[in-house]
Every structure is written in C-alpha cells, then in structure tokens.
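A.B. asks: Encoded as structure tokens, here's the structure I'll be asking about.
In my numbering, the protein residues as written are -13 to 277.
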C-alpha cells in the first residue's frame, strides 16, 4: 500500500499485475466460449437512491447532479436487460467496483468483478452455477466451499406465520446477526437450527405449506446437481443467510478453504415483474491471492 494513494487502493505492477491480467483473460475467454457476449459497463451512474449505500459519490460539474461510482454491477446488468427490451438473454462482464467499506473485512476498497448474468429459463440455473464452478477450476483453484442460501424461504416463513412488519424486521435482524441465543429464546426457535451452516444432506424444514414445500423441492434439486461434481464437505447450506437486499429465490457465496476469503457470490434477482435473472461475480483480487 502506498502513502501516495488513498487508504484501500493500490497500484499493480510486475508479477502481481500479470497474475491479475492472466486470471481476467482466462475467465473472460471461458465465458465467451460459452456464448456469453461481453459487456463493459460505465463506471458512473446517476445516484437515484434515497438511502446511504456503500458507494463513493460526487457531483457532476456539468449538471450538478449527484453521481455514484459503481459499487456493484447487478444494477447495471438489470439496466442492460431493459435497454435491450429483454431480447438479450445472457452476457458476461468485466468491471472495477469501488466501495467505501471492504467486502472482506480488510483494507481493500477496489475490486475487479468478472461474471455472467442470464435471464432464467428451464435448466438455466444449473448451467450458470456449474459454469461458475468451472471458472474457479479454470484458474487453478479446487479447494473451496460453496454456501447456498434461500432468501425466498424467509419471506414465505413470515407469511405462513402471519408476522407483522415489526416482527418480521425483528426476526430478520436476529438472522442477519446470527444471534442464536435470542433466536432460541424467541417464538421462532423452531428455525434456530437453520440460522447457521449445515451439511447439504440435512435441509428438511419444520414448517410445511404447499409453497414452502415447492421452494424446498426446487432448492434441493439445485443442491443435488451442484453436489454431483463436488465433495460433500464442499457444499454447505445456510438457509437464512442474508447477503443483500435484492436476491430473491436463492443465493450463494464461494470461499477459499485455504485463506477463508470470499472469491465469488451470486444469486437470483428480479429484472421486471415477470422476469428474473441469475448471475454471479468473481473477485479477481481474491482469486489472485490463491493462484
């Protein structure tokens, strides 16, 4: 880290720059071979949010509007799908993101994201997640764990329990903070066993409704498909893990077993009221630590 640069930012030179460049090339080449067209999104967007997020912001000197430097590419992916009037069904991308607070709990505040986005179709979910696993193997990383979560289950559980908004928020905060002591003492103690990581072989659920049963059945199919090419200890289930506010049906994160660092994440999200997509991002800086 240089004292000539702001905290959390660094230049890459020599071997480190070459490793970064090689990982980028391998990933982009793999995705393009799988017929994903390349998208290079804008670094800047108008700031339309009404709340504080993790983005750096500045004022455009031309029109005095507030701009944000992207801190994630999902919002831009959604915009691209809409701009193409949904005729575009999948693409890959490469872009740097800049955030005020590190993703990994260290000092880094700049990451290079490379990933894919695809409108959800029959069997598309499995293909996309398998492509993610292939991508990680492509850069020479085999010792990793994928953690799968099911945001949709939280919503359906709250509906089945007829929770008021305040009760739902209380439960959400318990799950986000993984406060198992309070959870076990609450009226939601039946789900306390699902508030932390479990093996993929044990994802039965104590509450049964037709909708919950359908959600779990679809999720188990995905888990089985993913597990078929990985060892049992590489797949973990964390049903109520809350990764962000926009993932809908299911989400996932991949960690290196060597350094315990987050190397990829993704999930499903809504593009419109009738269309949803599935995407993932790989973090090149985190991958190069392992190459």
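Glycine residues also receive a C-beta, built at the ideal position from the N, C-alpha and C atoms.
Note that this is a predicted model, so its numbers are computed, not measured.
1. Which residue comes first and which comes last in the beta strand (DSSP E) that contains residue 102?
2. Please state the DSSP three-state secondary structure of residue 92.
3. What is the C-beta distance between residue 66 and residue 53, in whole angstroms, given that I count them as a contact (C-beta under 8 angstroms)?
4. Using CA coordinates, which residue listed in 105, 88, 103, 104 is at the minimum distance from residue 97?
5. Could you please give me the residues that DSSP links to residue 265 through a beta bridge?
6. In three-state terms, what does DSSP make of residue 143?
7. Under 8 angstroms by Cβ, that's how I've got residue 274 and residue 102 pegged, so tell me the actual separation to the nearest angstrom.
8. Alpha carbon to alpha carbon, how far is residue 236 from residue -13? Give it in angstroms, no decimals.
9. Three-state secondary structure (DSSP) at residue -13?
10. List the endpoints of the continuous alpha helix (DSSP H) containing residue 7.
11. Is residue 129 closer than 8 angstroms to residue 242 when the C-beta atoms are compared?
12. Does the separation of the CB atoms of residue 238 and residue 132 fall below 8 angstroms?
13. Once DSSP output is grouped into helix, strand and coil, what is the label at residue 234?
14. Give me the Cβ distance between residue 161 and residue 226, rounded to the nearest whole Å; I'm assuming they're in contact under 8 angstroms.
15. Under 8 angstroms between the Cβ atoms of residue 25 and residue 72?
16. What residue does the alpha helix (DSSP H) around residue 213 start on, and which one ends it?
17. How should residue 249 be labelled, buried or exposed, when 16 other C-beta atoms within 10 angstroms of its C-beta is the threshold for buried?
18. Taking DSSP as the reference, what is the three-state secondary structure of residue 246?
19. Helix, strand or coil for residue 56, going by three-state DSSP, please let me know.
C.D. replies: Result, derived from the coordinates:
1. Sequence index remark: in the chain shown, residue 102 carries index 116 (1-based). Run containing residue 102: 96 to 105, per the beta strand (DSSP E) assignment.
2. Numbered from 1 along the chain shown, position 106 holds the residue referred to as residue 92. Residue state, collapsed to three classes: coil.
3. Locating residue 66 in the chain shown gives position 80, where the first residue counts as 1. Locating residue 53 in the chain shown gives position 67, where the first residue counts as 1. In this structure residue 66 is not in contact with residue 53, their Cβ atoms being roughly 19 angstroms apart against a cut-off of 8 angstroms.
4. Residue numbering aside, residue 97 sits at position 111 when the chain shown is read from its first letter. Closest by alpha carbon: 88.
5. Here the question's residue 265 lines up with position 279 in the chain shown. The partner list for residue 265 (beta bridge, DSSP) reads 103, 253.
6. Counted from its first residue, the chain shown places residue 143 at position 157. It is helical.
7. Position 288 of the chain shown holds residue 274. Position 116 of the chain shown holds residue 102. Their Cβ separation, rounded to whole angstroms, is 20 angstroms, which puts residue 274 and residue 102 out of contact at 8 angstroms.
8. Sequence index remark: in the chain shown, residue -13 carries index 1 (1-based). Sequence index remark: in the chain shown, residue 236 carries index 250 (1-based). Residue placement at residue -13 is flagged as unreliable, the pLDDT there being 48, under the threshold of 50; the coordinate-derived value follows with that caveat. Rounded to whole angstroms, the separation of the alpha carbons of residue 236 and residue -13 is 37 angstroms.
9. For this step, residue -13 is matched to residue 1 along the chain shown. Any reading at residue -13 must be qualified, since the residue scores a pLDDT of 48, below 50, and its modelled position is unreliable; the value itself is stated next. In this structure, residue -13 counts as coil in the three-state DSSP scheme.
10. In the chain shown, counting from the first residue as 1, residue 7 sits at position 21. That run of the alpha helix (DSSP H) goes 1 to 19.
11. Numbered from its first residue, the chain shown carries residue 242 at position 256. Numbered from its first residue, the chain shown carries residue 129 at position 143. Judged by their CB atoms, residue 242 and residue 129 are nearer to each other than the 8 angstroms cut-off.
12. Translated into positions along the chain shown, residue 238 becomes position 252. Translated into positions along the chain shown, residue 132 becomes position 146. Result yes, Cβ atoms of residue 238 and residue 132 sit closer than 8 angstroms.
13. For this step, residue 234 is matched to residue 248 along the chain shown. In this structure, residue 234 counts as coil in the three-state DSSP scheme.
14. Position 175 of the chain shown holds residue 161. Position 240 of the chain shown holds residue 226. At roughly 5 angstroms, the Cβ-Cβ gap stays under 8 angstroms, so residue 161 and residue 226 are in contact.
15. Residue mapping note: residue 25 aligns to position 39 of the chain shown, counting from 1. Residue mapping note: residue 72 aligns to position 86 of the chain shown, counting from 1. Going by C-beta atoms, residue 25 is not nearer than 8 angstroms to residue 72.
16. Along the chain shown, read from residue 1 onward, the residue named residue 213 stands at position 227. First-last of the alpha helix (DSSP H) with residue 213: 196 to 213.
17. Stepping through the chain shown from its first residue, residue 249 is reached at position 263. By the neighbour-count definition (other C-beta atoms within 10 Å, threshold 16), residue 249 is a buried residue.
18. Here residue 246 refers to the residue found at position 260 when the chain shown is read from its first residue. It is coil, neither helix nor strand.
19. Looking up residue 56 in the chain shown gives position 70. It is coil, neither helix nor strand.
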